[in-house]
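Here the sequence shown stands for residues 0 to 235, where the numbers follow numbering that gives the first Met the number 0.
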Amino acid sequence: MKDKILLIDKLLKKKFGLSQKSKIPSDPINLLIATILSQNTNDRNSFKAYNNLKQKYSSWEEVAQLKVTQIERLIRIAGLGKQKSKAIKFFLTSLIKERGKISLDHLKKKKNEDVLTELISYPGIGVKTASCVLLFSLLRNVCPVDTHVHRTLNRIGLVKTSSPDKTFFALNNNFPEDIAHSFHTNLIRLGREICKPAKPDCKACPVIKICRFENKSASENKNLYKENSFMLLDNV
Ligand code: SF4
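Dropping the structure here:
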């Protein structure tokens with residue numbers, strides 16, 4: 000599997016280039032809230048919801064004092080407002096209760112598995128959100144798996160899994176060093192721009208020669224996803 004991951008990575012880099020990493024790692028609390036907001040919506044709306052919180056309140060401590068309904072109103076644009084506002088409120092207030100402050104600095108000393116176990120113990124925080132904290136904030140060599148990464152890797156034939164979480168564990172079990180950021184970012188681009196859910200544009204695909212997907216097709220839709228229209232998690 001390692002060799003195949005390296006080959007996919009090489010082909011993706013040839014097409015999309017080396018992903019741009021932020022010089023400063025994302026703050027883990029910012030990242031975690033942004034990732035909760037990004038669930039089941041597009042990046043433009045989740046970014047607006049995130050900014051509604053950040054611009055109105057100067058600290059997460061202030062957000063923690065709000066009622067769930069107040070948070071819900073501010074983040075409504077990102078959808079699933081009830082669930083997301085509850086998850087944010089619970090997470091922030093739990094940190095205050097458990098640690099006396101809103102900080103995840105203690106995670107820096109923990110192993111990947113322990114970070115995952117701790118973060119997914121909070122309601123509303125799943126493996127994808129926790130693994131984004133590992134990659135973008137703690138700079139670990141861990142590749143988060145969203146629907147795009149899950150779909151493309153199954154089509155290519157690297158894994159045969161029934162959910163993004165199962166793909167995550169299959170993929171990261173023995174992942175090659177130092178390529179998680181580019182692999183993750185470029186696979187998302189592949190899934191958004193070329194290997195779309197309904198009609199993949201296989202003719203334009205950099206991994207067509209190694210892809211095992213049987214229903215390859217060429218899309219007539221040339222409206223490619225605009226790169227600057229999505230929120231990069233390493234910039235929050
Ligand atoms: S060849 Fe087609 S199905 Fe395979 S990864 Fe590329 S776009 Fe997706």
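Cβ atoms here follow ideal geometry from the backbone N, Cα and C, with glycine treated the same way.
Within the same chain, show all residues whose beta-carbon is closer than 7 Å to that of asparagine 173, passing over the 5 residues directly before and after it, in chain order.
Stepping through the sequence shown from its first residue, residue 173 is reached at position 174. Once the five neighbours on either side are set aside, the close Cβ partners of asparagine 173 are Met0 and Lys1.
Taking 7 Å as the line, does the beta carbon of phenylalanine 212 fall inside it for any heavy atom of the ligand SF4?
Reading the sequence shown from its first residue, position 213 is the one you call residue 212. Yes, the Cβ of phenylalanine 212 comes within 7 Å of a heavy atom of the ligand SF4.
Determine the DSSP secondary structure at asparagine 172, reduced to helix, strand or coil.
On the sequence shown, residue 172 is found 173 positions in, with the first residue counted as 1. Three-state result, asparagine 172: coil.
Please give me, in chain order, every unbroken run of the alpha helix (DSSP H) with length at least 4 that falls completely inside the stretch 111–147.
Listed in chain order, the complete alpha helix (DSSP H) runs (minimum 4 residues) inside the stretch 111–147 are 111–119 and 126–131.
Rounded to whole angstroms, what's the CA-CA distance from asparagine 41 to alanine 77? Just pull it up for me.
The residue you call residue 41 lines up with position 42 of the sequence shown. The residue you call residue 77 lines up with position 78 of the sequence shown. Roughly 8 Å between the two C-alpha positions.
If cysteine 142 and phenylalanine 168 are in contact, beta carbons under 8 Å, what's the gap, nearest whole angstrom?
Sequence index remark: in the sequence shown, residue 142 carries index 143 (1-based). Sequence index remark: in the sequence shown, residue 168 carries index 169 (1-based). Actually they do not touch by this definition, with Cβ atoms about 11 Å apart.
Could you check whether the Cβ of lysine 215 sits closer than 7 Å to any heavy atom belonging to the ligand SF4?
Sequence index remark: in the sequence shown, residue 215 carries index 216 (1-based). Yes, the ligand SF4 has a heavy atom inside 7 Å of this Cβ.
Evaluate contact between the stretch 201–209 and the stretch 31–50, counting only Cβ atoms and requiring at least three cross-stretch pairs below 8 Å.
Touching, no.
Around the Cβ of threonine 116, are there at least 16 other Cβ atoms within 10 angstroms (buried) or fewer (exposed)?
For this step, residue 116 is matched to residue 117 along the sequence shown. Under this definition threonine 116 is an exposed residue.
Out of Phe135, Arg154 and Lys202, state which residue places its alpha-carbon closest to the alpha-carbon of histidine 180.
Taking the first residue of the sequence shown as 1, we reach residue 180 at position 181. With distances taken between Cα atoms, histidine 180 lies closest to Phe135.
In three-state terms, what does DSSP make of proline 163?
As a position in the sequence shown, residue 163 is number 164, starting the count at 1. Proline 163: helix per DSSP, three-state reduction.
Is there at least one non-hydrogen atom of the ligand SF4 closer than 7 Å to the beta-carbon of threonine 146?
In the sequence shown, the residue the question calls residue 146 occupies position 147. Flag unset: Cβ of threonine 146 not near the ligand SF4.
Under the three-state reduction of DSSP, which class applies to leucine 10: helix, strand or coil?
As a first step, residue 10 is located in the sequence shown; it is residue number 11 there, counting from the start. Three-state DSSP puts leucine 10 in a helix.
Could you tell me whether the Cβ atoms of valine 132 and leucine 118 are closer together than 8 Å?
Along the sequence shown, one-based indexing puts residue 132 at 133. Along the sequence shown, one-based indexing puts residue 118 at 119. It is a contact, given that the beta carbons lie within the stated cut-off.
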